[in-house]
Amino acid sequence: MAANTLAAPRGASRTAQEDPWLVRWTLVVSAAAIIGLLIIVPVVNVFYEALAKGTRTYWHNLVGDPDTVSAILLTLTVAPVAVALNTVFGLAAAWAIARFRFRGRSVLISLIDLPFAVSPVVAGLIIVLIFGLQGLLGPWLREHNIKIIFATPGLILATAFVTFPFVARELIPLMEAVGAEEETAAVSLGARAWQMFRRITLPNVKWGLLYGMILCNARAMGEFGAVYVVSGRITGQTDTMPLRVEKLFQEYNNPASFAVASLLCSLALATLAIKTGLEWKTRRELASRLREALPDEADAAAGTPPPAPRLHAVRADEPEETPQRNSEKEEPRVAISIRNITKRFGDFVALNDVSVDVPHGSLVALLGPSGSGKTTLLRIIAGLDTPDAGSIHYEDEDATHRSARERNVGFVFQHYALFRHMSVFENVAFGLRVRKWKEPQIQERVHELLRLVQLDGQGNQAPSQLSGGQRQRVALARALAAEPRVLLLDEPFGALDAKVRKELRQWLRKLHDEIHVTSVFVTHDQEEAFEVSDRVVVMNHGRIEQEGPPEHVFEHPATAFVMDFLGNVNVFHGRVEAGRALVGGFDVAYPEHPDDESKQVKAYVRPHELEVDHVPHDASSLRAEVVRVNPAGAAVKVELLARDFGVPLNVEVAQERYRALQLRPGDTVFVFPKRVRVFVEDYQI
Amino acid sequence: MIDVNRRVLPGFHLTLGYSMLYLSLLVLIPLAACFLRAASLSPSEFVAAVWTPRARAAYGLTVGASFAAAAINVPIGVLIAWVLVRYHFPGKRLFDALIDLPFALPTAVAGLVYSSLYVESGWLGRFLVPLGIQAAYSRLAIVLVLTFIGLPFIVRTVQPILEDLEAEIEEAAACLGATRWQTFSRVLIPTLLPAIVTGFALAFARGLGEYGSVVFVSGNMPFKTEIAPVLIVAALEGFNYAQAAAIAVVLLVISFSMLVLINLLERWSKRYGS
Chain A
1 MAANTLAAPR GASRTAQEDP WLVRWTLVVS AAAIIGLLII VPVVNVFYEA
51 LAKGTRTYWH NLVGDPDTVS AILLTLTVAP VAVALNTVFG LAAAWAIARF
101 RFRGRSVLIS LIDLPFAVSP VVAGLIIVLI FGLQGLLGPW LREHNIKIIF
151 ATPGLILATA FVTFPFVARE LIPLMEAVGA EEETAAVSLG ARAWQMFRRI
201 TLPNVKWGLL YGMILCNARA MGEFGAVYVV SGRITGQTDT MPLRVEKLFQ
251 EYNNPASFAV ASLLCSLALA TLAIKTGLEW KTRRELASRL REALPDEADA
301 AAGTPPPAPR LHAVRADEPE ETPQRNSEKE EPRVAISIRN ITKRFGDFVA
351 LNDVSVDVPH GSLVALLGPS GSGKTTLLRI IAGLDTPDAG SIHYEDEDAT
401 HRSARERNVG FVFQHYALFR HMSVFENVAF GLRVRKWKEP QIQERVHELL
451 RLVQLDGQGN QAPSQLSGGQ RQRVALARAL AAEPRVLLLD EPFGALDAKV
501 RKELRQWLRK LHDEIHVTSV FVTHDQEEAF EVSDRVVVMN HGRIEQEGPP
551 EHVFEHPATA FVMDFLGNVN VFHGRVEAGR ALVGGFDVAY PEHPDDESKQ
601 VKAYVRPHEL EVDHVPHDAS SLRAEVVRVN PAGAAVKVEL LARDFGVPLN
651 VEVAQERYRA LQLRPGDTVF VFPKRVRVFV EDYQI
Chain B
1 MIDVNRRVLP GFHLTLGYSM LYLSLLVLIP LAACFLRAAS LSPSEFVAAV
51 WTPRARAAYG LTVGASFAAA AINVPIGVLI AWVLVRYHFP GKRLFDALID
101 LPFALPTAVA GLVYSSLYVE SGWLGRFLVP LGIQAAYSRL AIVLVLTFIG
151 LPFIVRTVQP ILEDLEAEIE EAAACLGATR WQTFSRVLIP TLLPAIVTGF
201 ALAFARGLGE YGSVVFVSGN MPFKTEIAPV LIVAALEGFN YAQAAAIAVV
251 LLVISFSMLV LINLLERWSK RYGS
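So the sequences go chain by chain: A and B. In this text, residue positions in the first sequence follow the working numbering: the first is 1, and each later residue adds one. In this text, residue positions in the second sequence follow the working numbering: the first is 1, and each later residue adds one.
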């Protein structure tokens, strides 16, 4: 279920890829007309002409003529032998090529394709040149009374030559895609070569093998040119079905010619039907193989917590601070106003009545786990998706129904989406060229931007020559080129490695301080969001859990979800009753719940909010044993185990305090919280 | 991993040896024999054999008709690939499967039915012949049937590239202010160009060697509708093996150059790959 809901947005149509219905309709009708004229009409015509004189004549044309019958039988002899020969070769070649690396491997691959480049007539000719009377082996064959040319063996050779590559070409990529792991495992488990082949290799490639054989067979039965040359066209002896079609055509016996042709045409149609089925089957098997190999992202998301309990209370000790500390100040100008946006993908609600304002010139982070709706929201702001309900305003202008093109936003994609065929310079210039800027201005602006992203001098390079971090900077310069009203970034650092990621996000912060373009970026990394942004919007299950300046969200998480998501926190389960909260051995005042009725709660204490001592302080101390001490870092990280409750605890102790306490694994200590955040678990349905 | 594999997995020498043997016996040695046979002619005899006015006309027709058919297939192929990848419509899967029919249909059948469709009494000829369009037993007929034969190549090279194209590319272009047409002409077509060129080359190469379908529709009139492979058959029927081999060498050289060209194109198209 989780997998379905997450897959939904990806399968949905993309606004930017949609064409007007008139264009769509015209193109589909033209394509259908071409396919109809070139393919469907001829196929129908074959059967029409074959059956024009009635089914009785049709039947008579096929079985009443002994020469036609012998042609059908000959084709049924030649094709299977050629297919069998090429199948054995295909398996051998695919095994050698897909499983091993050796000198000349790429030459061998090219040589396999060689017969495709040889005209069938030439293929026939070369066989005649070797085995014919005047050929290289001709005299010897004659002496030993072996007949190859103008006989079945020659037909088989010619057919095998022409259909040579089919099986191998099908198997090589398939075997490479399947990989050698299973076979290596089988060998390591003691399988011998033949056992491995029969039990592992063959079952893994069987559909692809069959597919190659079917194609090979279709081509073998239909081969004309090569067979024409080697057969000598002796009626009733060396005529295959296609040759018989030609001979009857030359004899102006059209109905008979079309009768044989209709058989071949049926063969082609059957081949296509089987091919379509097999293609579908191999694709499904490969896909399931891939799915097994990569643990689905959706599984991870399925583990996200259920709708979060609402905030009811805070702190054990300090008096509460007013959370709305900006309320007194002057309201900043709003650049983007998102009102009551709802978006569904099928049954999955990606965004549920979301409203948020983006202040002018600010850098806002949309933070949340995968599937929380943050990317969908960003795409709706950009105009790449359309909301089912709600509106988007850019300053005072309603932009809900404007296309992405008209909104003038800069969008930076996680995987850069650079235009591969353009240089770095042209990528950045693209937005200016489509706006018909003059060349000198383009030159000036692009160089200015390349300087800004520190890539001046690399304008002539192709995107593929750059590192990931450089590519993302090109994408940023490209997005900024046409002076967008807002800059939108979708997991901009998601595809980069940890070090580059860190550098780039500090750089982005600095850049933003210089150019002050209103920016929104999506991330699932809370550290990134907190380090870079002016405001954080925490999202979960299509709703906004909390928004505010980073330090406020960190200090005053509004919900248990936010607390959990920010991570690195000790969680206690317990209950509240009669103005007290009893959680994991702590007993703290909780005046928000004066009732006697007991309620389930979760309590959170951050590692630096726990104090450690050798002696108990009051009733609210928890006895614990030191498990491990990590003194590296600004604060000493201590792992404790509260044996009475079976609760592991993470505590951070200042270096001086650590030296004063002299903590060692095995010591018994007392822990008491400086601050506890309690969330009543509401079970609202 | 390279050497490890050879020590771990069995059958390397056997399968490689068999592949090389079969390849040599069936393909390489016969091809070499053809060159050998052609080499038995002196240079002047060779030129006399392959460069007759009739042969020149046939080469010209073969190359010209193949080129024209492949060129016609470019817009057709891109259109069909686009429609199959981007739109949903009834019968789409059937159309998709039918695209491969020219691969699977014996060329003799294609030739037979194309010749019968476009003669004066044929289903399509009865409309075209009164308009003065002779699409049977003419050069047009050759181009038409080669268009049929080459149809799948461009569709099948462009289609997977179009399918794998990230939607982000078009979204990026739209965000940057490009209209749909600008996106198509400046971003999509250049991205698809290598695949289009490869498909064109494949269709062209296939046309050069095609025999079965063309002999049905062309009428095989020397200097008018005779293609190069017909010359080989004619030489063989006159037991002039050396001349047949010489013309075959000319065709092989053209085909191999095409093969090299296709490989270069594929390498070129991968130059921007990441």
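From the three backbone atoms N, C-alpha and C, an ideal C-beta is built for every residue, glycine too. The model shown is predicted, which means the values in this text are computed figures rather than measured ones.
Quick one: does residue i have its CB under 8 angstroms from some CB of chain B?
i      : result
A/E297 : The pLDDT assigned to A/E297 is 42, lower than 50, so where the model puts this residue is not dependable, and the model offers no usable value.
A/M213 : no
A/C265 : yes
A/F345 : no
A/V178 : no
Is there at least one Cβ from chain A nearer than 8 angstroms to residue i's Cβ?
i      : result
B/N263 : yes
B/V143 : no
B/Y59  : no
B/A136 : no
B/D100 : yes
B/P10  : yes
B/S274 : At B/S274 the pLDDT is 38, less than 50, meaning the model places this residue with poor confidence; the figure from the coordinates comes in the next sentence. Chain A, which has a Cβ nearer than 8 angstroms to the Cβ of B/S274, makes this yes.
B/A33  : yes
B/S255 : yes
B/T295 : Within the shown structure, residues of chain B are numbered from 1 to 274, placing residue 295 of chain B beyond reach of any answer.
B/Y18  : yes
Leaving out five residues on either side along the sequence, give the residues of the same chain with a beta carbon under 7 angstroms from the beta carbon of residue i.
i      : result
A/V356 : I338, V537, I544, E547
A/H360 : P332, R333, V334, A335, T518
B/A235 : Q243, A244, I247
A/A177 : L286
When you compare only the Cα positions, how much space is there between residue i and residue j?
i      : j      : result
A/M213 : B/Y241 : 34 angstroms
A/R535 : A/A168 : 59 angstroms
A/I380 : B/L61  : 57 angstroms
A/R405 : A/E448 : 23 angstroms
A/I112 : A/L215 : 16 angstroms
A/R501 : B/L25  : 57 angstroms
A/I97  : B/L36  : 30 angstroms
B/Q182 : B/D100 : 32 angstroms
A/L171 : A/G371 : 39 angstroms
A/F561 : A/Q600 : 16 angstroms
A/M422 : B/F95  : 34 angstroms
A/V588 : A/V364 : 36 angstroms
A/P323 : A/G373 : At A/P323, the pLDDT of 43 sits below 50, so the modelled position is not reliable and the matter cannot be decided from this model.
B/F148 : A/G383 : 42 angstroms
A/L311 : A/E592 : Confidence is the limiting factor: at A/L311 the pLDDT is only 40, short of 50, which leaves the residue's position unreliable, though a coordinate-based value still follows. Their backbone Cα atoms lie some 11 angstroms apart in a straight line.
For residue i, which residues of its own chain have a beta-carbon under 8 angstroms away from its beta-carbon, when the five flanking residues on both sides are left out?
i      : result
A/V121 : G225, A226, Y228, V229
A/D183 : It should be pointed out that residue 183 of chain A corresponds to Glu in this sequence rather than to Asp. Same-chain partners within the cutoff: R99, M196, I200, T201.
B/G209 : P229, L251, S255
Using the Cβ count rule (16 or more neighbours within 10 Å means buried), how would you classify residue i?
i      : result
A/M539 : buried
A/D724 : Outside the displayed span of chain A (1 to 685) sits residue 724 of chain A, for which this structure offers no information.
A/D317 : Low per-residue confidence applies at A/D317: pLDDT is 41, beneath 50, and the placement is therefore not dependable enough to give any value.
A/T15  : buried
A/V107 : exposed
A/H552 : buried
B/E120 : exposed
A/S231 : buried
B/G111 : buried
A/L366 : buried
A/H512 : buried
In its own chain, which residues sit with a C-beta less than 6 angstroms from the C-beta of residue i, not counting the 5 before and 5 after it?
i      : result
A/A256 : N61, L248
A/Q443 : none
If contact is defined by three or more beta carbon pairs under 8 angstroms, each pair taking one atom from either stretch, is the region 242 to 259 of chain B in contact with the region 263 to 280 of chain A? no
I want to know whether the region 108 to 119 of chain B touches the region 157 to 172 of chain B - three or more CB-CB distances under 8 angstroms. no
Does the region 215 to 232 of chain B come close enough to the region 81 to 91 of chain B that 3 or more CB-CB pairs lie under 8 angstroms? no
Say whether the region 199 to 206 of chain B touches the region 174 to 188 of chain B, bearing in mind that this needs 3 or more beta-carbon pairs closer than 8 angstroms, one atom from each stretch. no
Does the region 263 to 270 of chain A come within contact of the region 239 to 246 of chain A, defined as at least 3 CB pairs closer than 8 angstroms? yes
Meets three-Cβ-pair contact criterion under 8 angstroms: the region 78 to 96 of chain A and the region 189 to 196 of chain B: no
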